Each structure stands twice: as structure tokens, then as C-alpha cells.
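Note sheet for the following structure.
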Amino acid sequence: MIRLGLCCIFHEEPIRFRRTTAAALKKLTAKERDEKLSGICRDNAAALAAAITYCSKNGIGAFRVNSQILPLKTHPEAGYELVDLPGGKEILARYEACGQLREQCGLRLSFHPDQFVVLNSPRPEVVASSVRELVYQAEVAEWIGADVINIHGGGGYGDKPSALLRLRDAVQALPVAVNERLTIENDDRTYTPSELLPVTNETGVPLVYDVHHHRCLPDGLSEEAATAAAIQTWNREPLFHLSSPRNGRDEGADPKPHHDLIDPADFPDSWSELDITVEVEAKAKEVAVKRLQEDLTACGIPCAWQVADSKDR
DNA sequence: AGCGGTCAAGTTGAT
DNA sequence: ATCAACTTGACCGCT
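Sequence positions in the first sequence follow the numbering used here and run -13 to 299.
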């Protein structure tokens, strides 16, 4: 059955994650800074618990965690360790409690580091800060039981073969906690599934197949073939991405921006019978997931995730 | 209370 | 050369 996933935030449900900026922190005293960060990290643990509970009660089987859940964690000046903040040990325990809740609910958690994580950059400082960010997300993933940290292939730099070799080498040099969760996703302007598959196969890193990106940047592989090849890369439940274009697919319109909702016609026929996670990238968030759930169910595609399902498997 | 400007970071492609 | 887009608005300071 299909496990639908919600990405990061809520549209209508009043669950909010807090954040701050390095500029705002800079204006505070050291004590004020630590207390502000501590408060945000504590509130975000509570918001994560609320998100897990919401998903579990609404048939949503997966949730993507915002990269800023511990805001500015790896910032060169504002960075910190959670346990060094006021009440840090107790906040850590709250994240570990989220992990237990996740397990009880049979929910799958993932991370999607933002665009600044580029493992194949020719600039060593960019790779170094990317690794720092991945190590931070892997640490939180460990606490809460997330099994996916998903990144893109990176830049092309006018020489994709070399760039892909750098990607492979950088992946192989990652710490185990990152490597065992890392996945790579085809994007909508640089790397297609067929370009990434040699790297994923060589490194043992699974491919997250984004069918909308594949439609924006095709490579000759059919959706069925890309789906099958991606599934082969997974040693656990495969995870794919789905979105619909805001401007439709008319000639001349940019197909890349995401729509508020998912057009059920965009759900690939070849996915109907699979046991996979499908993260829904749509601006209306949980509203879009619920709508898709109804639309797929009406088509006879089961996708309302229940706790019992995860125990029966 | 409401509103506009700002916020760590990379890369691409459209204008 | 500039800027929007990308997984995603939230927060702060001003009126």
C-alpha cells in the first residue's frame, strides 16, 4: 500500500515550528542567546510530537522534518550543541520521546537538507559545511528514528562526469551515521535518474525518484523503468516524491513551481500496487495530502495509513 | 495589531 | 548583471 508523506509544515492545522536568525541572535547577550535558542529547540520538540500525533491520527504515514528544527545548529558563529543550552539534556529527552512516539505510530520520518548542502562542489569549504550539516541532521535523525536524509546530486559545473565522480567520492567519505541514511534524488535542472543511478548503485545509496522532476527533466527512461530502477536501489521501503505543476504543462509555462494540491492524474499508474512512501510536495500541505488520500482511495488505491498496518507488515 | 524588510549557506537558468 | 527558484515562511522592528 501507499504510505503518503507530509513535508515539514502545516497549512491549516495550528502546528508551527519556530526559527530565528543569526542577525537577531547577535543583538543579544550570551545568556539571552542561549535562552532564546533553548526555547525554540524545546518548542520545536513539542511541535514535532504534535506533528507525529496529527499524522498518525489522519492516515498520513510519513513526515519530513524541517532542516531548521534546531535553528542555526551548524552556523559558523551562532552554532551550538543542544546539551550545552539551558535545559539541554531535558530537551534532548523530548526529542528521544518523539522517537518513541514515532515508533508507536509506525510513522516514517525523513530529512531533506536544503540547497546549500552540495557534496560535489569543487570548493572544499562548501563540501565541509555540507558535511557538518549532514552530521547534525544525522544526529537528530538518530534521536527521533528518521531513516532518510535526502539530498540532490549537486551542481554540474560544466563537466558532469567529473562532478559525479566527486559526488561518489564525497558520499563514500561520509560518517556511518550519515551514510546509512543518505539518499539521492533526481532534480529538475541538472541530474536525471539515469545519470544518478551509476552513483547510487556504486555507493549503495538509494535513489529517491521524483516523478515531477523527471517530467521537467526527462532522460529517455520511462516512468515505469525509472520506478523499477529506483526500487532496486532500496534495502528498505522505497521513498518517492510527487508534486503537480502550478502553471500546468502548457507550452511556455514553467512546469517547475509546485501547485497547492496534487492532481491525481499525476500519480503514476505504475505506483498503484507498490509498497512505497510517497512524499507529497504541495503548498497546501496536510490539506493536499488528505485530498490526494480521498482521490486515490476513490480510484481503489489504498493509502490511508493506520498503526495496525505497520504492525501487520 | 499590522506590515514590510530581512534572513548562513549554492547553483542554475531566465530575464 | 540580477534574481527567482528550490523542501519551506517566520521573525523582528517599525509605525
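Backbone N, C-alpha and C fix where the C-beta goes; we use that ideal spot for every residue, glycine too.
Just so it is clear, the structure is predicted and the values come from calculations on it, not from any experiment.
Contact between A48 and S96 holds: CB atoms are separated by about 7 angstroms, below the 8 angstroms threshold. Under DSSP, the beta-bridge partners assigned to E171 are H138 and V194. The C-alpha of N165 lies about 9 angstroms from the C-alpha of A159. Between the alpha carbons of E(-2) and K269 lies a gap of roughly 11 angstroms. The beta carbon of C202 is closer than 7 angstroms to those of D174, P241 and K242 in its chain, skipping five residues each way along the sequence.
The alpha-carbon separation between S256 and H245 amounts to approximately 22 angstroms. DSSP places C(-7) inside the beta strand (DSSP E), whose first and last residues are I(-12) to C(-7).
Sorting A83, T219 and V191 by C-alpha distance to the C-alpha of I130 places A83 at the top.
Ranked by how close their Cα comes to the Cα of V103, the residues R5, K146, T213 and I137 have I137 in first place.
Taking a C-beta distance under 8 angstroms as the contact criterion, I77 and S24 qualify as a contact pair. Residue environment analysis places T213 among the buried positions, since at least 16 neighbouring C-beta atoms fall within 10 angstroms of its C-beta.
Secondary structure at I55: coil, using DSSP grouped into helix, strand and coil. Between A114 and N106, the alpha-carbon positions lie close to 11 angstroms from each other. Counting along the chain, no alpha helix (DSSP H) covers I1, and no H or E run does either. The alpha carbon of N172 has as its nearest neighbour, out of V162, A163, P192 and V157, the alpha carbon of P192. The C-beta distance from P224 to I262 rounds to 5 angstroms, short enough to fall under 8 angstroms. In the DSSP assignment, S96 falls outside any alpha helix (DSSP H) and within the unbroken beta strand (DSSP E) covering R94 to F97.
Distances from the alpha-carbon of R154 to those of L207, G45, Y143 and I170 put I170 closest. Three or more Cβ pairs closer than 8 angstroms define a contact, and the segment 51 to 64 falls short of that threshold against the segment 272 to 292.
According to the DSSP secondary-structure assignment, E265 is paired through a beta bridge with G(-9) and H227.
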